[in-house]
Amino acid sequence: MVTKELLNPNLLRAEYAVRGPILQRAQHLEEQGKKIIYCNIGNPQALSQAPLSYVRQMLSLLEYPELLEHPQSLKLYPKDIVERALLVLKHHPHGMGAYTQSSGIPFIRRAVAEFIAKRDGIPANKDHIILTDGASKGVQAAILALLKNRNDGFLIPIPQYPLYSATISLYGGTQIGYFLDEENHWQLNEGILIESITKAIQEGIHPVAIAVINPGNPTGAVLTLENIRMIIGFAKRHGLAIMADEVYQENVYATGCKFHSFAKVMHELDERDVTLFSFHSVSKGFLGECGHRGGYMELRNIRDDVLAQLVKQQSINLCSNVAGQIATYMMVAPPQPGDESFETYAKEREQILRSLKTKAEILGREINKIEGMSVDVPQGAMYAFVKFELPSDAGMDTSSMNAGERRAYETKRETEYCMSLLEETGICVVPGSGFGQPAGTLHFRTTFLPPQDEIEDLVRKLKKFHERYTKAESIVS
Ligand SMILES: Cc1ncc(COP(=O)(O)O)c(C=O)c1O
């Protein structure tokens, strides 16, 4: 029988905090009848967000095209959706059950290119687009392709979404963490980037790429135009490829903040040297179609022979799933004014985005009223990365600990705090250590996806819990 010792050590090393022991305990408590508020993962439809009608109408017609011949089809479905389903079948006559080209159905790749061109006012090439099973598979493909040996390093943000650290471990590379600047709305800081890369090079690591998440998970920050320009300049000077994770591009709420794609900024800078991999997904935004596993990777400044290898890499998996490809098509080519389905689409979209904005504001505002807790009110994405303080442990001299010991100690404190929060209140959040952070600070990440009344309840319960927990801790210490 296979034992754990026989498994790939890279797999044993990889960690994925957002589905760790706290979630397992939450599921166990739920089975025992406790009400759990799941704030651990950005899975909108698991938290009562309804799917957009036009996406599901299209998928249902394509899954069962006989419906298109039904005499009542135009009563059941908007005319434009029926017409579009016929159009898809014209371009892809084999339907949902057949493999597609490795990079995805060509007319959907063309629609993605048109979406990028319209979004950014720049040219985009359908042959530089690869449809993927969610953004995760695109990110993993890029890391796998760029990783030649164990010393190859990927700069990743700290705190980060653990897909990055886990994939780098899994494929046997090296992560080079760069701290985001909490004092400056979690933007990237050039001084910190230089410090991180210099230290890595001194340790014999060969940096190959920098990953940037914008808008940020877990920080909820939206990067400024100046910040993105700085990152592109930094990547150029150090010969790095850029991996731009832009899955939250539709999720920008704060007044004055705007999403700027790396593709657009590179085009404006006339940057032709730095290779860009950018990622988008149907899982976030207002679609929230996480289960359909759709997304794309766009490549810029890519040589033909490199592109051919990346396409070959996709062909090893045959192709991405076709329902995900269709969902991606619906994301990039939604109903237009004049279409029968437009009004419903616009209403559903507006309701979801408005509700996310309201919940981000309530969560941020109310958490900042709790003594010993602070958070940057999320500007975008679906998360808040909350900083909290606990009374110091009696007899524990943190000043004599080295950075590793201190982090281990703080990880333990954060985990105990989040586990107690779950046991007492049913609120399921992720300890900050799962995303990384500087020694000397305590954090947890929460989403603001549950319905508004649950968010209001959540902050009330959190306040009560925090007051009780810190009082008990001070008595113990
Ligand atoms: C920053 C970021 N990138 C990628 C993903 C993965 O998304 P997908 O469902 O498209 O694989 C997530 C999911 O939460 C995310 O937060």
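Just so we're aligned, residue 15 is where the sequence shown starts under my numbering, counting upward by one.
Yeah, the Cβ is synthetic: ideal placement off N, Cα and C, and Gly gets one too.
> Quick one: is the Cβ of ILE130 within less than 7 Å of any heavy atom of ligand 1?
Replying inline: Not one heavy atom of ligand 1 falls within 7 Å of the beta-carbon of ILE130.
> Can you list every residue whose CB sits closer than 6 Å to some heavy atom of ligand 1, going in chain order?
Replying inline: Taken from the N-terminal end onward, the list reads GLY56, GLY148, ALA149, SER150, TYR175, LEU177, ILE227, ASN231, ASP259, VAL261, SER295, SER297, CYS304 and GLY309.
> Ordered along the chain, which non-local residues of its own chain (more than five positions away) have a Cβ less than 7 Å from that of ILE242?
Replying inline: HIS274, PHE276 and VAL279.
>> Extract the residue ranges of the alpha helix (DSSP H) inside the stretch 276 to 349, only unbroken runs of 4 or more that lie entirely within it.
In response: 276 to 282, 318 to 330 and 336 to 346
> When you compare only the Cα positions, how much space is there between LEU412 and CYS442?
Replying inline: Here the sequence assigns Thr to residue 412, which means Leu is not the residue at that position. Computed Cα separation, rounded: 28 Å.
>> For ASN416, count the other beta carbons within 10 Å of its own beta carbon; 16 or more makes it buried, fewer makes it exposed. Which is it?
In response: Note on ASN416: under 16 other CB atoms within 10 angstroms of its CB, so exposed under the neighbour-count rule.
>> In this structure, how does DSSP classify ALA225 when only helix, strand and coil are distinguished?
In response: strand
> Which word fits GLU468, buried or exposed, when buried means at least 16 other C-beta atoms lie within 10 angstroms of its C-beta?
Replying inline: buried
> Given a threshold of 16 other Cβ atoms within 10 Å of its Cβ, counted over all protein chains shown, does TYR78 qualify as buried or as exposed?
Replying inline: Per the 10 Å Cβ criterion, exposed.
>> Quick check on ASP319: buried or exposed, where buried means 16 or more other Cβ atoms within 10 Å of its Cβ?
In response: exposed
>> Quick check on DSSP: helix, strand or coil for MET387?
In response: Assignment of MET387 by DSSP, reduced to helix, strand and coil, places it in the strand class.
> Under 8 Å, do THR188 and ILE157 count as touching if we go by C-beta distance?
Replying inline: no
>> Classify VAL108: buried if its beta carbon has 16 or more other beta carbons within 10 angstroms, exposed otherwise.
In response: The amino acid at residue 108 is misidentified as Val; the sequence shows His. With fewer than 16 other Cβ atoms within 10 Å, it is exposed.
> Could you give the distance in angstroms between the alpha-carbon of GLY450 and the alpha-carbon of GLY34?
Replying inline: When rounded, the distance between both Cα atoms is 15 Å.
>> I'd like the span of the beta strand (DSSP E) that includes GLY191, first residue to last.
In response: Following the DSSP letters along the chain, one finds GLY191 inside the beta strand (DSSP E) bounded by residues 188 to 193.
> Is it buried or exposed for ARG474, if we count other Cβ within 10 angstroms and need 16 for buried?
Replying inline: Classification of ARG474: exposed, given that the 10 Å Cβ count is below 16.
> What does a CB cutoff of less than 7 Å around GLU303 pick up in its chain, not counting 5 residues either side in sequence?
Replying inline: PRO65, VAL69, VAL296, SER297 and ALA341
>> Assess contact between the stretch 241 to 260 and the stretch 148 to 168, defined as three or more Cβ pairs (one per stretch) separated by less than 8 Å. Is contact present?
In response: yes
> Counting along the chain, where does the alpha helix (DSSP H) carrying GLY148 start and finish?
Replying inline: 148 to 160 is the span of the alpha helix (DSSP H), which, as asked, contains GLY148.
> Taking DSSP as the reference, what is the three-state secondary structure of ALA258?
Replying inline: strand
> Would DSSP call ALA398 helix, strand or coil?
Replying inline: strand
> From GLN466 to LEU290, what does the alpha carbon distance come to, in whole angstroms?
Replying inline: 38 Å
>> By the three-class DSSP mapping on this structure, what secondary structure does PHE458 have?
In response: strand
> Using a Cβ-Cβ cut-off of 7 Å (strictly less than) and excluding sequence neighbours within five positions of LEU100, which residues of its own chain qualify?
Replying inline: LEU82
> Taking the continuous beta strand (DSSP E) assigned at GLY234, which residues delimit it?
Replying inline: Where GLY234 is concerned, there is no enclosing beta strand (DSSP E), because DSSP gives it neither an H nor an E.
>> Looking at the secondary structure, which residues open and close the alpha helix (DSSP H) in which LEU26 lies?
In response: 23 to 27
> Less than 8 Å separating the beta-carbons of HIS480 and GLY386?
Replying inline: yes
>> Report the CB separation of ALA131 from ALA138 in whole angstroms; it is logged as a contact under 8 Å.
In response: 5 Å
> Nearest to TYR113 by CA position, among LYS477, ARG482 and GLY338, is which residue?
Replying inline: GLY338
>> Mapping the DSSP letters down to three states, classify ASP166 as helix, strand or coil.
In response: If DSSP states are grouped into helix, strand and coil, ASP166 belongs with the strands.
> Residue range of the alpha helix (DSSP H) that ASP134 falls in?
Replying inline: 120 to 134
>> Just list the residues that DSSP pairs HIS106 with in beta bridges.
In response: DSSP lists no partner for HIS106.
> Pairing CB atoms from the stretch 211 to 220 with CB atoms from the stretch 375 to 385, are three or more of them under 8 Å?
Replying inline: Judged by Cβ distances under 8 Å, the stretch 211 to 220 makes no contact with the stretch 375 to 385, as fewer than three pairs qualify.
>> What would DSSP say about CYS271, mapped onto helix, strand or coil?
In response: coil
>> Assess contact between the stretch 396 to 410 and the stretch 237 to 252, defined as three or more Cβ pairs (one per stretch) separated by less than 8 Å. Is contact present?
In response: no
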